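Engineer:
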Amino acid sequence: MIKTLLVVLAVAFAQPQADLSGPWAFAVVDLGVTNTSRMVLTQSGETLSGRIGNQPVEGTFRGGAISIKSADRSATGTFAAGQLTGELSQGGRTLKWTATRIPPRPVQPRTHTFEPTTFELYFTSRVAPVLRIAAGDTVRTWSVDAGGVDAKGERRSGPGNPQTGPFFIEGAMPGDTLVVRLNRIRTNRNWARSGSEVMANALDPYHHANLKWTEPFNSRWTIDAAAGIVRLEQPPDNLKDFTVPLRPMLGCIGVAPGQQLAVRTTDSWRFGGNMDYNQLVEGTTVYLPVNHPGALLFVGDGHAAQGDGELTGDALETSMDIEFTVDVLEQPNYGQPRAENDDYLISIGVGGSLDQALQMATSGMMRWLERDYKLSATESAIVLGFAIKYDVVDLVGTQVSIAAKLPKTALSKLRKAS
Numbered sequence: 001m002i003k004t005l006l007v008v009l010a011v012a013f014a015q016p017q018a019d020l021s022g023p024w025a026f027a028v029v030d031l032g033v034t035n036t037s038r039m040v041l042t043q044s045g046e047t048l049s050g051r052i053g054n055q056p057v058e059g060t061f062r063g064g065a066i067s068i069k070s071a072d073r074s075a076t077g078t079f080a081a082g083q084l085t086g087e088l089s090q091g092g093r094t095l096k097w098t099a100t101r102i103p104p105r106p107v108q109p110r111t112h113t114f115e116p117t118t119f120e121l122y123f124t125s126r127v128a129p130v131l132r133i134a135a136g137d138t139v140r141t142w143s144v145d146a147g148g149v150d151a152k153g154e155r156r157s158g159p160g161n162p163q164t165g166p167f168f169i170e171g172a173m174p175g176d177t178l179v180v181r182l183n184r185i186r187t188n189r190n191w192a193r194s195g196s197e198v199m200a201n202a203l204d205p206y207h208h209a210n211l212k213w214t215e216p217f218n219s220r221w222t223i224d225a226a227a228g229i230v231r232l233e234q235p236p237d238n239l240k241d242f243t244v245p246l247r248p249m250l251g252c253i254g255v256a257p258g259q260q261l262a263v264r265t266t267d268s269w270r271f272g273g274n275m276d277y278n279q280l281v282e283g284t285t286v287y288l289p290v291n292h293p294g295a296l297l298f299v300g301d302g303h304a305a306q307g308d309g310e311l312t313g314d315a316l317e318t319s320m321d322i323e324f325t326v327d328v329l330e331q332p333n334y335g336q337p338r339a340e341n342d343d344y345l346i347s348i349g350v351g352g353s354l355d356q357a358l359q360m361a362t363s364g365m366m367r368w369l370e371r372d373y374k375l376s377a378t379e380s381a382i383v384l385g386f387a388i389k390y391d392v393v394d395l396v397g398t399q400v401s402i403a404a405k406l407p408k409t410a411l412s413k414l415r416k417a418s
């Protein structure tokens, strides 16, 4: 009996200690709010090193107990059932923390076909994700129009740019950048509706006050996908030959905003959202800052076409078939939306006024050159001063947008940092 017990104990003590090396989702609960960061550990024997976010950490792991510290905080805890739990001391306060492993990226990307049944009217982290996907995965789905009407003409949601999503992207952590490649953006019905008055903030106030708009005006359009054009269903004589080239785009693409914010899907900010940028078309790649684990991606508000600024308040609003592929860039978070196509790098500035939006767009482009091309402020000024272009992106909502575009031809002689 004693011999058997000794054998059991010997086997138990001979079990190898778990290896904590790798990425973890490190979550701290502070005043009821969970703040999550990426923790990356390297274990050598009982010694730990690594980082939480961008902050270096060091510590030990022995007998199932972990102790780690950084410049301004220390934490102790235990490892059990694949999870770390414990207490953290910071600024004289003791907080609870947990850490779970971030799953590895699948070797083989998957393609998901998602049929939405509900649609969201807020960009927020407070709603459950409709689908969990991994970096490298592709999603095929669709959206209703800005009024909540689907491809069959059935109302599926209240108005206000109802969104498809949110999609949870495994491995996306606060501080990362979510990459969304728009593979396919196609109209899925033969009609659209638009506004018929110019936004007041685009006009001289005296001029706007004296304008006489046609009432009523039929602003329903026919989409001729085969011919690649859109025309008014019942045009006035002066517009009977007027057509618009069909160029489908997404008015909304965004992630959940920071903290516990809930922002109406009619608006935009640093997280993206209702940017209404007519360059968000098939073939464009969008970069969005991640504020929550999984990023929580929303898409919707399809337009059959739109001029700069969405001047009439509503563009050619229609339902849309959407295919996108996601990826995650660890850590390089620019704090605002960016985009890229075959011809341009694009920094999108969103602000309370056009001058504020322009400032954000230009600063975003300078940060992009600084980080990716290691240019100094003066070197960036030389490049931008003779190559930059600006688009008026959006005049609708409480926020307006400007895009700073840098032709890739201007960067062809520069060396991109590895």
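Residue numbering for the sequence shown follows my numbering, beginning at 1 and increasing consecutively.
Cβ coordinates follow ideal geometry from the N, Cα and C atoms, glycine included.
Every value quoted in this text rests on a predicted model; they were computed, and no experiment measured them.
(1) What residue ranges within the region 242 to 306 form continuous beta strand (DSSP E) runs of no fewer than 3 residues, ordered along the chain?
(2) Could you spell out where the beta strand (DSSP E) holding residue 199 opens and where it closes?
(3) Helix, strand or coil, according to DSSP, for residue 170 in the structure here?
(4) Using 9 Å as the limit for Cβ to Cβ distance, is residue 412 near chain B?
(5) Given 8 Å as the limit, is there contact between the region 114 to 132 and the region 255 to 272, that is, 3 or more CB pairs closer than that?
(6) Bridge partners for residue 75 per DSSP, in chain order?
(7) Kindly indicate which three-state DSSP category residue 115 falls into: helix, strand or coil?
(8) Return the Cβ separation of residue 65 and residue 83 in integer angstroms, given the expectation that the two are a contact with Cβ distance under 8 Å.
(9) Can you tell me whether DSSP reads residue 395 as helix, strand or coil?
(10) Suppose the cutoff is 6 Å on Cβ atoms and the five residues either side in sequence are ignored; what does the same chain contact list for residue 13 look like?
(11) Closest by CA to residue 131, which one among 145, 114, 118?
(12) Contact between the region 187 to 195 and the region 331 to 343 is defined here as three or more beta-carbon pairs at a separation below 8 Å; is this criterion met?
(13) Taking residue 286 and residue 271 to be in contact with their CB atoms under 8 Å, please state how far apart those CB atoms are, rounded to whole angstroms.
(14) Should residue 234 go down as buried or exposed, given a rule of 16 or more other Cβ atoms within 10 Å for buried?
(15) Which one or two residues does DSSP pair with residue 159 in a beta bridge?
(16) Under three-state DSSP, which class holds residue 61?
(17) Closest by CA to residue 128, which one among 97, 148, 147, 167?
Structural biologist: Checking against the coordinates, here is how it stands:
(1) Entirely contained in the region 242 to 306, the beta strand (DSSP E) runs reaching 3 residues are, in chain order, 243 to 245, 249 to 255, 262 to 264, 285 to 289, 297 to 303.
(2) Premise fails: residue 199 is in no beta strand (DSSP E) and is neither H nor E.
(3) Here residue 170 sits in strand by DSSP.
(4) The chain labelled as chain B is not found in the depicted structure, where only one protein chain is given.
(5) Inter-segment contact for the region 114 to 132 and the region 255 to 272 is present: three or more beta-carbon pairs are separated by less than 8 Å.
(6) For residue 75, which the question treats as bridged, DSSP gives the partners 68, 88.
(7) Judged by DSSP in its simplified three-state form, residue 115 adopts coil rather than helix or strand.
(8) Between residue 83 and residue 65 the Cβ distance is about 14 Å, and since that is not below 8 Å, they are no contact.
(9) Three-state DSSP puts residue 395 in coil, outside helix and strand.
(10) At residue 13, the pLDDT of 43 sits below 50, so the modelled position is not reliable and the matter cannot be decided from this model.
(11) Sorting 145, 114, 118 by C-alpha distance to the C-alpha of residue 131 places 114 at the top.
(12) In short, these stretches do not touch, since the Cβ pair count stays below three.
(13) Contact doesn't hold; Cβ gap of about 12 Å is too wide.
(14) It counts as exposed.
(15) According to DSSP, residue 159 shares a beta bridge with no other residue.
(16) It is a strand residue.
(17) It is 167 whose Cα lies nearest to the Cα of residue 128.
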